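Sequence lines, in order, name chains A and B. Quick note: the first sequence uses the working numbering, first residue 1, plus one each step. Quick note: the second sequence uses the working numbering, first residue 434, plus one each step. C-beta: ideal position from N, C-alpha, C; glycine also. All of these numbers come straight from a predicted model, not from anything done at the bench. Below is one structure, written out as structure tokens; comments come after it.
Protein chains: 2
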Amino acid sequence: MAERPILVGIIGYGKIGTGTYKTLLDNQDSIDRQVGRPVRVKRLVDVDWSSPRPVPIDIPSEMKATDADEVLTDPEIAIVVECIGGTEPALDFVLKALRSGKSVVTSNKELIARHGKELFDAAAERSLDLMFEGSVGGGIPIVRPLKSCLAGNRISRIMGIVNGTTNFILTRMSQQHVEFQEALAEATRLGYAEPDPTNDVEGLDPAFKLAILASIAFETRVQVDSIYREGITGLGARDMEYAGQLGYAIKLLAIGTEIDEALELRVHPTLLPADHPLAAVSGPFNAIFVRGSSVGEVMFYGQGAGTMPTGSAVVGDIIDVARNIRSGATGRVACTCFEGKHILPIEELETRYYLRLRVADRPGVLAAIATVFGEEGVSLASVLQMDASGESAEIVWLTHTTKERQMQRSLKRISELPDVHEISGCIRAEAEE
Amino acid sequence: MAERPILVGIIGYGKIGTGTYKTLLDNQDSIDRQVGRPVRVKRLVDVDWSSPRPVPIDIPSEMKATDADEVLTDPEIAIVVECIGGTEPALDFVLKALRSGKSVVTSNKELIARHGKELFDAAAERSLDLMFEGSVGGGIPIVRPLKSCLAGNRISRIMGIVNGTTNFILTRMSQQHVEFQEALAEATRLGYAEPDPTNDVEGLDPAFKLAILASIAFETRVQVDSIYREGITGLGARDMEYAGQLGYAIKLLAIGTEIDEALELRVHPTLLPADHPLAAVSGPFNAIFVRGSSVGEVMFYGQGAGTMPTGSAVVGDIIDVARNIRSGATGRVACTCFEGKHILPIEELETRYYLRLRVADRPGVLAAIATVFGEEGVSLASVLQMDASGESAEIVWLTHTTKERQMQRSLKRISELPDVHEISGCIRAEAEE
């Protein structure tokens, strides 16, 4: 292949930068042939070249740089790969790359979720590519399938397990009957959880991903702050156990639904029927369900994070950009947020609920609670009385479909009943009536 | 949108033609905006306009034609969608379209599997697109993910349930404990099986699909005749039952594996551990597992056939071609069969085997069989003796990993033993040792 290579600069040589560079090296011949021109990394930028990398690779010293400008101002470099994460200085770097006429590949979910509009506008202005397949679901193909393969569908729902850390924790809680803190400690020990796990366990990471997926699926720029969000820190091993007895698994789901041109967007723990394909997704795996007007339901499953899986997604994007450069067609797939669909407040949600209450073990308590539910229009599907040990009893309810507003009002009133000690759990349930 | 529309001609207005046209109509505004130019069907061709369609749509009479040339020779039409199936006259039509400078979309698995090289050469000669996402897995995105998202991976394995008819039959046999013929009759009644189900139940349809997937995954043009193939007609309800007792499900799998630059390609019933994600794929659904060097394992799941799901895939391709036309970039992703990897004969296969034998219920029979296995180097993992009723007994074995050649030699010798009445089943097993 005598043709002039397409040159790539990678900014950030941590996990994802390493996975990207290794994937490009490992499969170089095939990639060159698929693109029709050689694709070569010219320069790697990192502020720290001394710390060990997840995969050791010998890098010629002339390729190493510490200043991003050595990539951003190099006129030979056509594709900039942003692998530093976070929004600062990633945003500046990506904007500078686009304004210098370079296409960009990133797997930075926060960057795309928070600054998507500004970035896509900058890319469109110069007909450049801005690709971000790795920002959701690691190596799982989902962005390109939504933007191309399923582009003829009107998407009515997207529902996924998009955070491997919390799915690992929930799987452990469910299978080993341990509490959240113990499962989190194990996740940290095994490297599935960051030293500061807040963004994962509080549901912010899945909210970034839902913002990205929903923006594509519903053709509306979704801000992460408009997504209702609950993490998994309030879940107990008992909830997993009781849910299991009722025939459900508990998963942290990111759910986007279009209802009459409006969007319902939420991240929270959810009861899923045990035979639902997402219920079987365990450990650090991710899976995303999509319901489209023509395709029906499709699911995408795989490793949602990690050095090499994310590297796979980033390199897929690099290949796609390189093909566009070769064909003179960068910018051929642009942002598709044409609509400004209204986002429904969580109070409008209609779903089923699992409730766990600790109450005095005394006649009349159940009746008092049931009366409140009745008055508020909440209809109960089943009730389990558990663990009646001496003074208190644990009661688990599953409701029929109810409005969130009615449920919240009921819970407030119930929490004020004298014989109710604690509302230990209230978890939304995806369940057929 | 004042720009000149990109015009489409659809040849064949049966199930897939209808699903395609309806999907284009239903989501027209969104498709136009995603492409950046209007995409319109100018003409639909079918030899018979009188019979009822799966979805009734009013079609203006000036759009209806009975002669394919009304599409193929129309200089305004830029995209030809082939929806007639089979190879004659589809091959002629597609070649004529490409030679007339029109890009082509098809979901015709037999056409792509049998004539891929000729067709891709014709497309490449004029830098045109030939897209075929719907040829495998109906609406499930798999072709484009392999050619783009996962293009940076070296694929070592692709394994899928790619025929909904047989998966429906096997699910029924397993869940309702009915025999093949009864399950087939039900599949026919429900429209899941064709009046002549030979291509499905004999495994030819999945072999076409494997030829397509393997050609992409392994960068080698795979001929369907080089794929080892066994259908499901020899399976009994008892096999499903015994497999279940051993912790397995039986699925008709299409499996392609690369081993030291050579390919192992096969379609046959397979025992899968009950906790494998493919084991849970039931009814008419399809799912495809892919193992890549960077991505690890990913799975794609959905409805593998049908009017609207296949229409979804075809329209996704139309949108992609239209974007290429708009960007002057048709032909940007061409055929990737750069290699000519050797295809291993089935005798070289190494796997585990499930065996079901009917033997005389007499001392020494087991010993005689075990002696043959021992002499042929076949090691047995477990044995179940079932149904010893009077004169004969049924024995079920699961072997350790064995070469196909040794297994065939053993079975030949065992079938000649005087007390062996019948070898009722021999099914390969995907199972960890």
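Under 7 Å by beta carbon: chain B residues contacting residue i
| i | result |
| --- | --- |
| T23/A | G585, S727 |
| E297/A | G735 |
Residues that residue i contacts on chain B, provided the C-beta gap is smaller than 8 Å
| i | result |
| --- | --- |
| V178/A | By Cβ distance, chain B contributes nothing, its closest Cβ being about 21 Å from V178/A, past 8 Å. |
| I319/A | S581, A584, G585 |
| P56/A | What P56/A touches in chain B: nothing, since even the nearest Cβ is about 16 Å away. |
| R459/A | For chain A, the structure presents residues 1 to 433; residue 459/A sits outside this window and is missing. |
| E19/A | Note that residue 19/A is Gly in the sequence shown, not Glu. Those within 8 Å of G19/A in chain B are S727. |
Cβ-Cβ distance between residue i and residue j below 8 Å
| i | j | result |
| --- | --- | --- |
| D46/A | P38/A | no |
| G203/A | V136/A | no |
| K684/B | A712/B | yes |
| S648/B | V657/B | no |
| S312/A | T23/A | yes |
| L617/B | I594/B | no |
| R861/B | C149/A | no |
| T769/B | K642/B | no |
| L72/A | R40/A | no |
| E772/B | E837/B | no |
| T832/B | L844/B | no |
| I112/A | A68/A | no |
| N600/B | P493/B | no |
| V94/A | I319/A | no |
| I288/A | I142/A | yes |
| I158/A | V290/A | yes |
Cutoff 8 Å: residue i Cβ touching any chain A Cβ
| i | result |
| --- | --- |
| A746/B | yes |
| R515/B | The sequence as given places Glu at residue 515/B; Arg does not occur at that position. With 8 Å as the cut-off, E515/B does not count as an interface residue toward chain A. |
| T834/B | no |
| R724/B | no |
| G716/B | no |
beta-carbon residue i near the ligand MN non-hydrogen atom, thresh 7 Å
| i | result |
| --- | --- |
| M732/B | With respect to small molecules bound, the structure shown includes none, and the ligand MN cannot be examined in it. |
Minimum Cβ-Cβ distance from residue i to chain B less than 8 Å
| i | result |
| --- | --- |
| P309/A | yes |
| G377/A | no |
| E133/A | yes |
| F300/A | yes |
| F168/A | no |
Assigned secondary structure, residue i (DSSP; H/G/I helix, E/B strand, else coil)
| i | result |
| --- | --- |
| V80/A | strand |
| Y301/A | strand |
| A329/A | coil |
| V47/A | coil |
| R724/B | strand |
| C768/B | coil |
| L646/B | helix |
| Y192/A | coil |
| V474/B | strand |
| L850/B | coil |
| R654/B | coil |
| Y354/A | strand |
| K550/B | helix |
| A322/A | helix |
| V634/B | helix |
Chain A residues whose Cβ lies nearer than 7 Å to that of residue i
| i | result |
| --- | --- |
| S760/B | A329, R332 |
| G749/B | S148, C149, L150, A151, G152 |
Residue i: contacting residues in chain A (beta-carbon distance under 9 Å)
| i | result |
| --- | --- |
| A390/B | Outside the shown range of chain B, which is 434 to 866, sits residue 390/B, and nothing can be said about it. |
Neighbouring residues, chain A, relative to residue i (Cβ below 8 Å)
| i | result |
| --- | --- |
| F771/B | S30, R33 |
Got a sec: which bits of the segment 24-43 of chain A sit with their beta carbon under 8 Å from any beta carbon on chain B, in order along the chain? Those residues of the segment 24-43 of chain A that come within reach of chain B (Cβ to Cβ, closer than 8 Å) are L24, D26, N27, S30, I31, R33, Q34, G36.
Please list, in chain order, the residues of the segment 571-595 of chain B that have any C-beta partner in chain A closer than 7 Å. G572, I573, P574, R577, P578, S581, C582, L583, A584, G585, N586, R587
According to a CB-to-CB cut-off of less than 9 Å, which residues of the segment 207-238 of chain A neighbour chain B? E219
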